[in-house]
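Working notes for the structure below.
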Amino acid sequence: MRKGNYPKIFITGTDTGVGKTLFTTAFALSLLKDGYHVRVVKPVETGCQQECEDEAFYRKILRQKEEIVFYRFSYPASPYTAGKLEGKYVDFKELTHRISEIKNGITLIEGAGGLLVPLDGEHTFLDLVTELNLLVIVVAGNKLGCINHTLLTDLVLGKIPVKKIIVLNDTFKNADELLLQDNLKTISMLARANVAGRLSYLMGEKTRKRLITWIQPLYNSLLSFLQELQA
-4 MRKGNYPKIF ITGTDTGVGK TLFTTAFALS LLKDGYHVRV VKPVETGCQQ
46 ECEDEAFYRK ILRQKEEIVF YRFSYPASPY TAGKLEGKYV DFKELTHRIS
96 EIKNGITLIE GAGGLLVPLD GEHTFLDLVT ELNLLVIVVA GNKLGCINHT
146 LLTDLVLGKI PVKKIIVLND TFKNADELLL QDNLKTISML ARANVAGRLS
196 YLMGEKTRKR LITWIQPLYN SLLSFLQELQ A
């Protein structure tokens, strides 16, 4: 991929709490280290009290000055439900316009939960992917149930013409190694999307250096995924 090519990549999860924010941060750091201009966007964040947790993490680690969150809600639920409780809603047309207007650099767009989480009464994150023709990285929580959750997400993405790749992220410390390896093997065998591989459970403080080291085993596969734009 030439450094002048600026794709927009949507990072979705098979569920909430599977490590999307950690993955997105680590990927952004690695791209920045290689000389790419990168911007991270989380279009909607819920569960924001004094601050939005994911946005604060991005600010701290990436030191990004550009706007990250476009819509924020206090209740920890889907954007649609959280918005109803506050009497304000995500404007899907405005949201797609704001993302499409981002021109400078690779844009990593982190969703909230999975693909079919509702943004409003009519649209889900899948509609956002479809409307903007985004590349998709699926972060799958590598735990019991991972195979079903991941293949269902892959099946949904297979209904639209989108380029996609899957990353398995070990969700729990000291999990059953046989199970984790079998998840990777089975999903690699059955998924239509390519599987970049598996990320180990990340322990300790989430520093810039440790995040770059953590994602390094999969980084070349992820770069190759982006290079498909030039095929």
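Using our numbering, read the sequence shown as starting at -4 and increasing by one per residue.
Every residue gets a Cβ at the ideal spot worked out from N, C-alpha and C, and that includes glycine.
Around the C-beta of Phe167, fewer than 16 other C-beta atoms lie within 10 Å, and the residue is accordingly described as exposed.
Taken through DSSP and simplified to helix, strand or coil, Tyr75 comes out as helix. Here the C-alpha atom of Asp49 lies approximately 8 Å from the C-alpha atom of Glu40.
According to the DSSP assignment, Pro38 belongs to no alpha helix (DSSP H) but to the beta strand (DSSP E) extending over 33 to 40. With contacts defined as CB atoms closer than 8 Å, Leu130 and Ile4 qualify as a contacting pair. For Arg187, the secondary structure class from DSSP, reduced to helix, strand or coil, is coil. Separation of the CB atoms of Leu185 and Leu139 is rounded to 17 Å, and the pair is thereby denied contact status at 8 Å.
Residue burial is scored here from C-beta neighbours: Thr208 has fewer than 16 other C-beta atoms within 10 angstroms and is therefore classed as exposed. Look at the segment 43 to 70 and you find these whole runs of alpha helix (DSSP H), each 4 residues long or longer: 48 to 57. In this structure, the CA atom of Tyr53 is about 16 Å from the CA atom of Gly12.
Arg193 is bridged by DSSP to Leu163.
Lys98 sits in coil when the DSSP states are folded into three classes, being neither helix nor strand. Taking C-beta atoms as the reference points, Leu206 and Asn164 fail to come closer than 8 Å. Excluding the 5 residues flanking it on each side, Thr181 has same chain C-beta neighbours closer than 6 Å at Ile142, in chain order.
Taking the Cβ atoms as the reference, Tyr75 lies roughly 6 Å from Asp115, within the contact range of under 8 Å. Around the Cβ of Pro156, a 10 Å sphere holds fewer than 16 other Cβ atoms; the residue is exposed. Leu103 carries a strand assignment under DSSP once its states are collapsed to helix, strand and coil.
The bridge partners DSSP lists for Ala135 are Leu163.
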